[in-house]
Amino acid sequence: TRQGRLLRTGVQTNPGGIGKGYALDRAAQRLDNAGIADFMIHGGLSSVVARGQRQHPQTGGGWLVSLRHPWRLQQVLGTIRLRDQALGTSGSGKQFFHFGGQRYSHIIDPRSGWPAQGILSATVICRSGAVADALATALFVMGLEHARTFCESHPQVGAILVVASERETQPQIELFNVASDQWTELPRGPAGGECTR
Numbered sequence: 039t040r041q042g043r044l045l046r047t048g049v050q051t052n053p054g055g056i057g058k059g060y061a062l063d064r065a066a067q068r069l070d071n072a073g074i075a076d077f078m079i080h081g082g083l084s085s086v087v088a089r090g091q092r093q094h095p096q097t098g099g100g101w102l103v104s105l106r107h108p109w110r111l112q113q114v115l116g117t118i119r120l121r122d123q124a125l126g127t128s129g130s131g132k133q134f135f136h137f138g139g140q141r142y143s144h145i146i147d148p149r150s151g152w153p154a155q156g157i158l159s160a161t162v163i164c165r166s167g168a169v170a171d172a173l174a175t176a177l178f179v180m181g182l183e184h185a186r187t188f189c190e191s192h193p194q195v196g197a198i199l200v201v202a203s204e205r206e207t208q209p210q211i212e213l214f215n216v217a218s219d220q221w222t223e224l225p226r227g228p229a230g231g232e233c234t235r
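Start counting the sequence shown at 39; every next residue gets the next number (the numbering used here).
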């Protein structure tokens with residue numbers, strides 16, 4: 039087994055960054071063991087594990103998951119189709135704070151000790167919920183160029199990054215290792231992409 043030890047007093051860890059994904063992995067394993075082959079389970083808005091193809095006459099194969107705008111939660115940016123995959127999203131849409139008139143993420147960049155900036159949300163698609171959660175947070179902190187480099191050297195990891203753009207109302211969406219039939223971007227504007235529920 040791999041073990042670690044914290045050498046500084048007052049330092050502690052918790053599974054917060056991967057807890058939901060890990061719990062979903064365990065639940066999925068139980069469903070797999072029970073012979074259930076086609077399901078999707080979620081741990082709130084940021085963690086999903088899907089198995090099977092979910093054949094549907096209107097949507098085809100795969101489980102559809104909406105990706106929302108990080109700050110305008112009623113606006114859907116697009117849909118992701120999962121097939122035997124997990125998804126984890128990290129961002130500053132719900133957890134943030136204001137200081138000096140500026141909005142900051144709750145996710146701290148350990149290199150600087152300051153809140154991570156640049157990426158509005160990072161969504162990772164891979165086989166494990168815990169890994170998806172961990173990598174989503176890591177890519178969020180890394181920033182766009184380091185995330186691009188990471189994904190280029192890890193083709194089994196798909197990522198959808200929502201990045202701040204000059205026009206705050208229309209963020210930039212960057213896709214890495216996401217199949218063309220797996221992502222559908224919705225039209226954005228006054229009518230397009232609004233969530234109805």
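Cβ coordinates follow ideal geometry from the N, Cα and C atoms, glycine included. Treat the numbers as computed from the prediction; the structure is a model and nothing was measured.
Report the three-state DSSP secondary structure of G230 (helix, strand or coil). As a position in the sequence shown, residue 230 is number 192, starting the count at 1. Low confidence applies to G230: its pLDDT is 45, below 50, so where it sits in the model is not reliable, and the reading given next is rough at best. G230 falls in the coil class under three-state DSSP.
Please state the DSSP three-state secondary structure of G116. Residue mapping note: residue 116 aligns to position 78 of the sequence shown, counting from 1. If DSSP states are grouped into helix, strand and coil, G116 belongs with the strands.
DSSP state of R121, grouped into three classes? Locating residue 121 in the sequence shown gives position 83, where the first residue counts as 1. Judged by DSSP in its simplified three-state form, R121 adopts coil rather than helix or strand.
Taking all protein chains shown into account, do 16 or more other C-beta atoms lie within 10 angstroms of the C-beta of L44, making it buried, or fewer, making it exposed? The residue labelled residue 44 in the question sits at position 6 within the sequence shown. So L44 counts as exposed.
Cα separation between G231 and Q208? Position 193 of the sequence shown, counted from the start, is the residue given in the question as residue 231. Position 170 of the sequence shown, counted from the start, is the residue given in the question as residue 208. Confidence in G231 is poor, its pLDDT being 47 and thus under 50, which makes the residue's placement too unreliable to answer from.
Find the nearest neighbour of G57 within the set I198, W109, S128, I146, judged by alpha-carbon distance. Indexing the sequence shown from 1 puts residue 57 at position 19. Of I198, W109, S128, I146, the residue nearest in Cα terms is S128.
Could you pull out every residue in the same chain whose Cβ sits closer than 6 angstroms to the Cβ of H80, ignoring the five residues on either side in sequence? For the purposes of this step, residue 80 is taken as residue 42 along the sequence shown, with counting starting at 1. The answer, listed in chain order, is V86.
At a cut-off of 8 angstroms, would you count D171 as near the ligand NAD, judging by its Cβ distance to the nearest heavy atom? By its list of ligands, the structure shown contains no ligand whatsoever, and the ligand NAD lies outside what it can speak to.
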